[in-house]
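Order-wise, the sequence lines are chains A and B. For the first sequence, the numbering used here begins at 1 and goes up steadily by one. For the second sequence, the numbering used here begins at 1001 and goes up steadily by one. From the three backbone atoms N, C-alpha and C, an ideal C-beta is built for every residue, glycine too.
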Amino acid sequence: MSVVERQEWDVVVVGAGGAGLRAAIEARERGARTAVICKSLFGKAHTVMAEGGIAAAMANVNSGDNWQVHFRDTMRGGKFLNQWRMAELHAREAPDRVWELETWGALFDRTKDGRISQRNFGGHEYPRLAHVGDRTGLELIRTLQQKIVALQQEDHKETGEYESRLKVFQECTVTRVLKDGGRVSGVFAYERESGRFFVLEAPAVVIATGGIGKSFKVTSNSWEYTGDGHALALLAGAPLLNMEFVQFHPTGMVWPPSVKGILVTESVRGDGGVLRNSEGKRFMFDYIPDVFKEKYAQSEEEGDRWYEDPDHNRRPPELLPRDEVARAINAEVKAGRGSPHGGVFLDVSTRMPAEVIRRRLPSMYHQFKELADVDITAEAMEVGPTCHYVMGGIAVESDTAAARGVPGLFAAGEVAGGMHGSNRLGGNSLSDLLVFGRRAGLHAAEYATGLAGARPPVDDEQVDAAAAEALRPFSAEGEGRPEGQPPENPYTLHQELQQAMNDLVGIIRREGEMEQALEKLADLRVRARRAGVEGHRQFNPGWHLSLDLRNMLLVSECVARAALERTESRGGHTREDHPAMDRDWRRLNLLCRLTDPTGGLAATDPVAGQISLTRETTDPIRPDLLALFDKEELVKYLAEEELYE
Amino acid sequence: MSGYTAHFRVWRGDVGGGGLEDFKVEVNDGEVVLDIIHRLQATQAPDLAVRWNCKAGKCGSCSAEINGRPRLMCMTRMSVFERDETITVTPLRAFPVVRDLVTDVGFNYQKAREVPAFVPPEGLGPGEYRMMQEDVDRPQEFRKCIECFLCQDTCHVVRDHEENKPAFAGPRFLMRVAELDMHPLDAAEDTGLDRKRTAQDEHGLGYCNITKCCTEVCPEGIRITDNALIPLKERAVDRKYDPLVWLGSKIRRRSSAD
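Structure representation (structure tokens):
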């Protein structure tokens, strides 16, 4: 095996979105030499696509807001499945994380008195989202990017090198976390541009790779979202938590076909947009579930008054949590009341003056104009559900973001599970990235410092095995393939996977279909071993996709298997054959682990597969947090015995 | 409207050289150039190198030159071309080719590092910042930038003049200087950093002769020349040549609105 270049760092952060960059900033400021590895160019991560805002109870617009109210909203949105300690930390720390961005140069939209403006969003009781028009994610990523550059400028002044303490390895992909016995010793990665392999030796690795949406056909996610971090953690021996919970955002574009799935921000509804079916009816009033009956307007008049006078009226049901709205749209389309291209109508044109729409929703105006020839100031948009976010993820310790069972491994952001329970509220993602990105960076740096002088060694055998695995697609011609049969096309495999997940483990789930999905995944797994590529290692997208397929197949199996196991409907998991929420399931988490931890990835048996599930009962919610809710509300979510504990 | 077959010519090659390759490829309703490039990858050229991410005009990754014009491939609809038109896609010309449509945009990251960061004001803690919307409107326009680097690619100062690169930051990073200069709370001046002067002296503002090419290609519609470069030039000139302005600025701090 050829010699692979090695470098030593204290903390390696995998992923350069909001969570990864915030973790890197923290680790570097705590004195750890920190490397960031990202698949794309620095500053292009998926976070740039976040539109609506960052949820933080700063109470700039409504003084009634505070962390307790935010905590309550988050728990309700997640149907009480959230890791309550994470939800608590998130609600308490989010304001500090937003204010800190201002000291790094962020420019949020302002209130009349010069504070950070906050907007309404689904599931949030008060206007809570700090925003910049509808391009908040861009502001977040640019601010963090520029903060990293600022730190590099400091290091340059002191050491003469920009990258002496904080370096971004852009357009590089990690394919394995390396271990010394049970603990982390580094990562194995390749550089896209050259195809060259390298190893970063580090005692602490923070996974911040985002989500899994590219396993679904209709998605708002970019190509990077192939579940890399989820798979890396599984392969390193860490469990994934509650992977059945996948959020389908209610409003994605539905036409033209090539843009199907692209996000239409929830701000459209937060700012007054309404949903109508083909009969012109505001159908959301028919879909307010019992648990939310007291909190939402019962008539259009009341809902409309709320925008002006939120203290004396209830909010319109267009602002229910996303899972509720997505299911409602799905049901309307199914009942034959959809729009011409299979969605429903989302209208702001009759609700706001054209000039206000262009100012408040510039990206949406631009997106529809450019991509669909629709002028949203003059006509309604057509929208439908799109795979947007995974609530499940790496099981972590709430306070430290440490992955369970693998010392030295940390996870933050979308790739970490637990914070959002069964459904994430809009705006809680960007705040999650900042709160837990910082915590992951902090604890990773502390852990690495604690091991100074006794760094875990990197095992040559693991490096060789990782290199062989990564090179496999170039030699797919031979192994296990009948004479004359061409290698599998990775693009075709990917399309089949996306179609299967979309059709069989999508927004509405049925037992038979999920079993079918598991069989399809087993078939794809076998074929993916034969995925072959043409050309050489330099910037070869076919090769990269072949490697990403391993991750997508692992993660897809987790989703399908957990979804089959959970026989209830809750948040982002809807079972047609088990339509009700079951209070006994609230306390149960499903953990996915690799069946064969030695890395035998070719398991073809759809019943056994590669993933084993275990059930785990969660810790009871701390009494002072439970006391923030009325008993009548808790009865809807908690089992009898929990109420009397 | 139904599908049709289009004629594409795509530059393929690497640092050692290359050329245009011809493809016949299917086009469907509503598609953009990036869709067609993806179809080529999936069906005819699996190793065709292209950078892309969001496919929604938000990340600025898929920059290329389409029929010679710098554009985002994800925001260029096929319907803007005639069906019998040959569509030529080439990599950004101002940057060294890595492979096929992918170029080495490292120049931009280097220039980003040369612009001193935001300087937080002394005595104001997190949560204490107060700024009026009308004062943040101007820098906010520049923060819409998605760093697609089309302006950097098209700018004639560097497009065919490699020798100007060391001295010239390019429109994107001159705009960054303007943005920081217009930030209502940036305290650079208190630390002895005169951003307007550095635009001229260190970032090569003088090379710009306001032909507005950068503004024309900006997919975000940012008025780079009118709102960032010209004001920066005017103020640089004020400072350099007008002793009264210079003196005034020393006696009383200018308000952020001027």
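Amino acids of chain B, ordered along the chain, whose beta-carbon sits closer than 9 Å to that of residue i
{"i": "ASP109(A)", "result": "GLN1133, VAL1136 and GLN1140"}
{"i": "ASP96(A)", "result": "PRO1126 and GLY1127"}
{"i": "TRP104(A)", "result": "ALA1117, PHE1118 and PRO1120"}
Whether residue i touches residue j by CB criterion (8 Å)
{"i": "ALA204(A)", "j": "GLY408(A)", "result": "yes"}
{"i": "GLU125(A)", "j": "ASP73(A)", "result": "yes"}
{"i": "ASN423(A)", "j": "PHE245(A)", "result": "yes"}
{"i": "LEU1101(B)", "j": "VAL1089(B)", "result": "yes"}
{"i": "ALA348(A)", "j": "VAL268(A)", "result": "The residue you asked about is not Ala; residue 348(A) is Val in the sequence shown. Cβ atoms of VAL348(A) and VAL268(A): closer than 8 Å."}
{"i": "GLN145(A)", "j": "ARG1099(B)", "result": "no"}
{"i": "GLN83(A)", "j": "GLY571(A)", "result": "no"}
{"i": "VAL325(A)", "j": "PRO250(A)", "result": "yes"}
{"i": "VAL12(A)", "j": "ALA35(A)", "result": "yes"}
Neighbouring residues, chain B, relative to residue i (Cβ below 8 Å)
{"i": "ILE262(A)", "result": "LYS1055 and ALA1056"}
{"i": "ALA150(A)", "result": "ALA1117 and PHE1118"}
{"i": "PRO541(A)", "result": "GLN1041, PRO1046, ASP1047, LEU1048, ALA1049 and VAL1050"}
{"i": "GLN646(A)", "result": "The displayed coordinates of chain A run from 1 to 645. Any statement about residue 646(A) would go beyond what the structure contains."}
Under the three-state DSSP convention, the category residue i falls into
{"i": "HIS682(A)", "result": "Chain A is shown only over 1 to 645; residue 682(A) falls outside these bounds and no answer can be derived."}
{"i": "GLU279(A)", "result": "coil"}
{"i": "ASP1035(B)", "result": "helix"}
{"i": "HIS366(A)", "result": "helix"}
{"i": "GLY542(A)", "result": "helix"}
{"i": "GLU642(A)", "result": "helix"}
{"i": "ASN589(A)", "result": "strand"}
{"i": "THR618(A)", "result": "coil"}
{"i": "CYS1214(B)", "result": "helix"}
{"i": "GLY1019(B)", "result": "strand"}
{"i": "ASP503(A)", "result": "helix"}
{"i": "GLY273(A)", "result": "coil"}
{"i": "ARG315(A)", "result": "strand"}
{"i": "PHE169(A)", "result": "strand"}
{"i": "PRO321(A)", "result": "coil"}
Run of the beta strand (DSSP E) containing residue i, from where it starts to where it stops
{"i": "VAL1119(B)", "result": "Premise fails: VAL1119(B) is in no beta strand (DSSP E) and is neither H nor E."}
{"i": "THR38(A)", "result": "Before going on, a small fix: residue 38(A) reads as Cys here, not Thr. Start and end: 34-38."}
{"i": "ARG1009(B)", "result": "1004-1014"}
{"i": "TYR1109(B)", "result": "That residue, TYR1109(B), is in no beta strand (DSSP E); its alpha helix (DSSP H) goes 1106-1114."}
{"i": "PRO250(A)", "result": "246-253"}
{"i": "HIS388(A)", "result": "381-390"}
Inter-residue spacing [alpha-carbon to alpha-carbon] between residue i and residue j
{"i": "ARG1253(B)", "j": "LEU1124(B)", "result": "Below a pLDDT of 50, predicted positions are generally treated as unreliable, and ARG1253(B), at 47, falls in that range; no measurement from the model is reported."}
{"i": "GLU1085(B)", "j": "ARG1009(B)", "result": "11 Å"}
{"i": "GLN170(A)", "j": "GLY15(A)", "result": "10 Å"}
{"i": "VAL1080(B)", "j": "GLY1068(B)", "result": "15 Å"}
{"i": "TRP255(A)", "j": "HIS341(A)", "result": "6 Å"}
{"i": "LEU549(A)", "j": "GLN1140(B)", "result": "40 Å"}
{"i": "GLY210(A)", "j": "ASP228(A)", "result": "8 Å"}
{"i": "SER344(A)", "j": "GLU266(A)", "result": "According to the sequence shown, residue 344(A) is Val rather than Ser. If you take the alpha carbons of VAL344(A) and GLU266(A), they lie about 15 Å apart."}
{"i": "GLY437(A)", "j": "LEU89(A)", "result": "12 Å"}
{"i": "ILE394(A)", "j": "MET86(A)", "result": "13 Å"}
{"i": "ARG351(A)", "j": "VAL274(A)", "result": "8 Å"}
{"i": "ARG135(A)", "j": "MET58(A)", "result": "20 Å"}
{"i": "ALA1257(B)", "j": "LEU1232(B)", "result": "Since pLDDT at ALA1257(B) reaches only 40, below the 50 mark, its modelled position is unreliable, and no value is offered."}
{"i": "ARG1197(B)", "j": "LYS1165(B)", "result": "19 Å"}
{"i": "TRP1011(B)", "j": "GLU1162(B)", "result": "21 Å"}
Beta-carbon neighbours of residue i, restricted to chain A and to distances below 9 Å
{"i": "HIS1007(B)", "result": "The premise fails here: HIS1007(B) is roughly 19 Å from chain A at the closest Cβ pair, so nothing lies under 9 Å."}
{"i": "CYS1151(B)", "result": "Result: empty, since nearest Cβ-Cβ is about 16 Å, beyond 9 Å."}
{"i": "ARG1130(B)", "result": "ARG110, ASP113, GLY114 and ARG115"}
{"i": "SER1063(B)", "result": "Per Cβ cutoff of 9 Å: no residues; SER1063(B) is ~11 Å from chain A at best."}
Interface residues of chain A facing residue i [CB-CB closer than 7 Å]
{"i": "VAL1032(B)", "result": "SER258"}
{"i": "HIS1203(B)", "result": "Those do not exist, as HIS1203(B) stays about 15 Å from chain A at its closest Cβ, beyond 7 Å."}
{"i": "ALA1112(B)", "result": "VAL149"}
{"i": "GLY1016(B)", "result": "In chain order: nothing, as chain A lies at least about 11 Å away."}
{"i": "LYS1144(B)", "result": "ARG135"}
Span of the alpha helix (DSSP H) around residue i
{"i": "THR175(A)", "result": "First-last for THR175(A): 172-180, but that is the beta strand (DSSP E), not the alpha helix (DSSP H)."}
{"i": "ALA19(A)", "result": "18-29"}
{"i": "GLU191(A)", "result": "Unbroken run through GLU191(A) is the beta strand (DSSP E), 183-191; no alpha helix (DSSP H)."}
Neighbouring residues, chain B, relative to residue i (Cβ below 7 Å)
{"i": "TYR307(A)", "result": "Simply none; closest approach about 20 Å."}
Beta-carbon neighbours of residue i, restricted to chain A and to distances below 8 Å
{"i": "ARG1069(B)", "result": "Those do not exist, as ARG1069(B) stays about 16 Å from chain A at its closest Cβ, beyond 8 Å."}
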